[in-house]
Amino acid sequence: MYRCDLMKDCTLILLQRGISIMAKEQVKNRLEQDSIGKLMLELCTQTTFSIMIYNIYTITDTFYVSKGIGSVASGAIGVFSPVLLLVNGISSTLGTGSASTISRRLGERNPAGGKKVVGCMMWLWALCSLTITITGLVFLKPLLQLLGCTSEIYPYAVEYGQIMLIGTIISTGFSGIMRAEGDVFYSTIQWCCPVIINLLLDPLFIYGFQMDISGAAIATLIAQLFSAGISIYYFFVRKKTPCRVTLGDIKWSGQACKEILYIGLPAFLNSLGSSLAGIVGNQILGQIGGTQAISTYTLISRIQSFLSTPFFGIMQGIQPMLGFDWGRQRFERVKRTVSYRL
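Oh and the sequence shown: position 257 is 257 in my numbering, straight run, nothing missing.
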């Protein structure tokens, strides 16, 4: 809810392709002039690839924890999943709402307006993530009881949950905004690099350093720190970023907040529903099948997410196209894009 040598090689391959769609005029020209089919092929392919890599990671991560520590530890991850889903829901709300609004601002030839949206989104995320961290740490014990934590899982869930809550503020990298600005390359790198780093660190911390479930959580935080570093460079340092911001731009904006929340609310409701379903499911499984049932469901849910990869890849891939064309009032092209998706 909701972050090595192999990655260096992958990065070099992508760089050699000459992907540099961040320049402002190039972004505008491509979104405005390229055919719908060409844009969809590039955008949707790369977003689908990113999501697929992430889902492979979640399955592999669960495998490492289960084999290295035991099914009880993987059950702890499953019990805490509704909290992470809620965090991801808030992140998706702000990311989806901001991405759509920014795409329309760029389509309206108003990058300053997009910059204002980015600043407001970051302000909202800081507020929400700090609130979640403080509240979660203070009320962790009753929270875990609500989540359906069994007595066997509880020690692992506390250990895992504390670390994950501390890292809430760096648990998102705003890759959706990068896509909204037309930069699928940075968005893809931000998804893939942390995942590969996490996959490398998991066995090292769990098996090598024998840190058990704390090692899995710390590996995740280190990977998320890397993602946060990419975001800092992209939004605050990189000169070609269309909506580059400074610390002074991170502030409240009533109009921007209204648009972000209005558009992003469905994403939040979807994640909230999934989170509540997870809580109810854990409660029932804990009472009927105990720890083993919760652990089994954790793995099944990871596989289910993997099978949904194409749907979410296409949905996220076309977002910059829809937002840009809507801002330019090219409504016929918006309809054609939607029909292509179907």
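The C-beta atom is built at its ideal place from N, Cα and C for all residues, glycine as well.
Please say whether residue j and residue i have beta carbons closer to each other than 8 Å?
i: Q190; j: S175; result: yes
i: A76; j: A157; result: yes
i: G107; j: F324; result: yes
i: Y54; j: L199; result: no
i: G148; j: V83; result: no
i: G119; j: V245; result: yes
i: V138; j: A256; result: no
i: G286; j: T62; result: no
Would you tell me roughly how many angstroms separate the C-alpha atoms of residue i and residue j, rounded to the nearest one?
i: W353; j: F209; result: Residue 353 is absent from the structure shown; the chain starts at 1 and stops at 342.
i: V65; j: Q283; result: 22 Å
i: I260; j: A228; result: 21 Å
i: Y186; j: A293; result: 39 Å
i: L12; j: A126; result: Bear in mind that a pLDDT of 31 at L12, under 50, signals an unreliable position, so the model cannot answer this.
i: S103; j: R330; result: 13 Å
i: G68; j: R105; result: 49 Å
i: I36; j: Q145; result: 50 Å
i: T96; j: E152; result: 38 Å
i: T296; j: V72; result: 10 Å
i: Y207; j: I163; result: 19 Å
i: V79; j: M211; result: 20 Å
i: I21; j: I90; result: Any reading at I21 is ruled out, since the residue's pLDDT is 36, under 50, leaving its predicted position unreliable.
i: P111; j: R302; result: 38 Å
i: L39; j: K335; result: 15 Å
Verify the contact flag: residue i, CB atom, against every heavy atom of the ligand GTP, threshold strictly below 7 Å.
i: G97; result: Although the ligand GTP was asked about, the structure shown includes no ligands whatsoever.
Return the first residue and the last residue of the alpha helix (DSSP H) that residue i is part of.
i: F80; result: S71 to G107
i: Q304; result: G290 to L307
i: I206; result: I206 -> no alpha helix (DSSP H), and no H or E assigned at all.
Compute the beta-carbon to beta-carbon distance between residue i and residue j, rounded to the nearest angstrom, for a pair I have assumed lies under 8 Å.
i: I213; j: Y154; result: Contact doesn't hold; Cβ gap of about 12 Å is too wide.
i: G167; j: L221; result: 4 Å
i: T47; j: G281; result: Contact doesn't hold; Cβ gap of about 28 Å is too wide.
i: V184; j: L43; result: 6 Å
i: W92; j: G264; result: Residue identity differs from the one stated: residue 92 is Ser in this sequence, not Trp. Confirmed, Cβ separation roughly 7 Å.
i: I197; j: A217; result: Contact doesn't hold; Cβ gap of about 14 Å is too wide.
i: Q304; j: S100; result: Not a contact, Cβ separation roughly 27 Å.
i: S275; j: L85; result: 4 Å
Exercise. Which full runs of the alpha helix (DSSP H) of 4+ residues lie inside the segment 209–266, going along the chain?
Worked result: Taking only runs of at least 4 residues, the alpha helix (DSSP H) segments lying wholly in the segment 209–266 are 212–232.
Exercise. Which full runs of the alpha helix (DSSP H) of 4+ residues lie inside the segment 136–179, going along the chain?
Worked result: Runs of the alpha helix (DSSP H) lying entirely within the segment 136–179, each at least 4 residues long, are 140–146 and 154–166 in chain order.
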